[in-house]
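In my numbering, the protein residues as written are 697 to 994.
Below is one structure; the comments refer to it alone.
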Ligand code: GUN
């Protein structure tokens, strides 16, 4: 029997409708959530992410201050822009698109962002708060994964989740978030990575697999227990001469084969992808509320 497909576009659209209503309510109090976006350089994937973020802000009524800087921008120039945004009361969230060019120290930039405007959840202050279970901006892709699980009715409490990949953006935070003593978490978590011996031994025991390795076909059907839930965070370009643009997008999971064994699975594209930007919008609206002393989350 084939797996049910988790439709990330549909879940994202539902959350965006909820956010649109919240933005309308904030605007009635003269509060307009604002997001500062900074892209340095010409990386094609980053350019398309940033354009999608700007468009999504417009659609739900968030003001977006877009800054596209040349690849030669110095670290000091970037720091001054971050500083200007830190001080600007119209900006509730700051997003510096990663990766940055080699000559810029990424951690120095992330550290310079005011933690109260860190809607990416990458500042060590927010990472630390998340790990100890305090309120913090949660990083968008892992938060999106958890929303997809919750809104698809997947029970994580007591479940064995195997995360494949230990990046700072996905693997480490999603593992930490799922082991918290909180609703929507309470899982037993195994975090696998490139030095894990016998990856399949671990994934075969998983009730839920979260694939975030960054390589196509990292998770194949023989590595999946019958009835497991499979969340594919990967976005990989593979050459495809039959497509006009010369490539197609695939995840980290061998989707066609794994969907025959899983009970629920996310596709690529159209699974986790639409959730990342949605949770960025969520954090920006939340930040605008907090900045104005409005904690109401009805
Ligand atoms: N690059 C890839 N994913 C992300 C993300 O979620 N935020 C930022 N700022 N850069 C990224």
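Note that CB positions come from ideal geometry on N, CA and C, so glycine has one too.
Completely contained alpha helix (DSSP H) runs for the stretch 815-856, where each covers 4 or more residues: 820-828 and 836-847
C-beta atoms of residue 708 and residue 974 nearer than 7 Å: For this step, residue 708 is matched to residue 12 along the chain shown. For this step, residue 974 is matched to residue 278 along the chain shown. Yes. Within cutoff.
Where residue 935 falls: helix, strand or coil (DSSP): By 1-based counting over the chain shown, the position of residue 935 is 239. Residue state, collapsed to three classes: strand.
Nearest-angstrom Cα separation, counted from residue 706 out to residue 762: One-based indexing of the chain shown puts residue 762 at position 66. One-based indexing of the chain shown puts residue 706 at position 10. For residue 762 and residue 706, the distance between alpha carbons rounds to 27 Å.
Beta-carbon contacts of residue 787 that lie in its chain and below 8 Å, excluding the five residues immediately before and after: For the purposes of this step, residue 787 is taken as the residue at position 91 of the chain shown. Within the same chain, residue 787 has close Cβ partners 730, 731, 732, 761, 781 and 813.
Validate contact between the stretch 926-946 and the stretch 803-812 using beta carbons, cut 8 Å, 3 pairs: The stretch 926-946, when compared against the stretch 803-812, does not touch it at the 8 Å Cβ threshold.
CB contact flag (residue 966, residue 698, <7 Å): Position 270 of the chain shown holds residue 966. Position 2 of the chain shown holds residue 698. No, the pair does not count as a contact, with Cβ atoms beyond the cut-off.
Exposure of residue 903, with buried meaning 16 or more beta-carbon neighbours within 10 Å: The count along the chain shown starts at 1 and reaches residue 903 at position 207. Residue 903 is buried by the Cβ-count criterion.
Contact test: residue 794 Cβ vs the ligand GUN heavy atom, cutoff 6 Å: In the chain shown, residue 794 corresponds to position 98, counting from 1. Yes - the ligand GUN has a heavy atom lying nearer than 6 Å to the Cβ of residue 794.
Inter-residue spacing [alpha-carbon to alpha-carbon] between residue 674 and residue 725: This structure gives no information on residue 674, because the portion of the chain shown stretches from 697 to 994.
contact_flag[the stretch 913-924, the stretch 950-967] where n(CB pairs < 8 Å) is 3 or more: yes
Residue 948, DSSP secondary structure in three states: Working through the chain shown from its first residue, we reach residue 948 at position 252. It is coil, neither helix nor strand.
Exposure label - residue 983; buried when at least 16 CB within 10 Å: Taking the chain shown and counting its residues from 1, the one referred to as residue 983 is at position 287. Classification for residue 983: buried.
Close Cβ partners of residue 868 (< 7 Å) along its chain, the five nearest in sequence each way excluded: Position 172 of the chain shown holds residue 868. When the five nearest sequence neighbours on each side are left out, the beta carbons in the same chain lying within less than 7 Å of the beta carbon of residue 868 are those of 862, in order along the chain.
Heavy atom of the ligand GUN within 6 Å of residue 791 beta-carbon: Residue mapping note: residue 791 aligns to position 95 of the chain shown, counting from 1. It does: the Cβ of residue 791 is within 6 Å (strictly closer) of some heavy atom of the ligand GUN.
Three-way DSSP call (helix, strand, coil) for residue 880 in this model: Sequence index remark: in the chain shown, residue 880 carries index 184 (1-based). Coil.
Where residue 719 sits in the DSSP three-state scheme: The count along the chain shown starts at 1 and reaches residue 719 at position 23. Of the three classes helix, strand and coil, the one that applies to residue 719 here is helix, per DSSP.
Endpoints, beta strand (DSSP E) assigned at residue 733: Sequence index remark: in the chain shown, residue 733 carries index 37 (1-based). From DSSP, the beta strand (DSSP E) with residue 733 extends over 730-736.
Cβ-heavy atom distance, residue 836 to the ligand GUN, below 6 Å: Position 140 of the chain shown, counted from the first residue, corresponds to residue 836. Under cutoff, so the answer is yes.
Classification of residue 817 by the beta-carbon crowding that lies within 10 angstroms, buried from 16 upward: Within the chain shown, the letter at position 121 stands for residue 817. Answer is buried; the Cβ neighbour count reaches 16.
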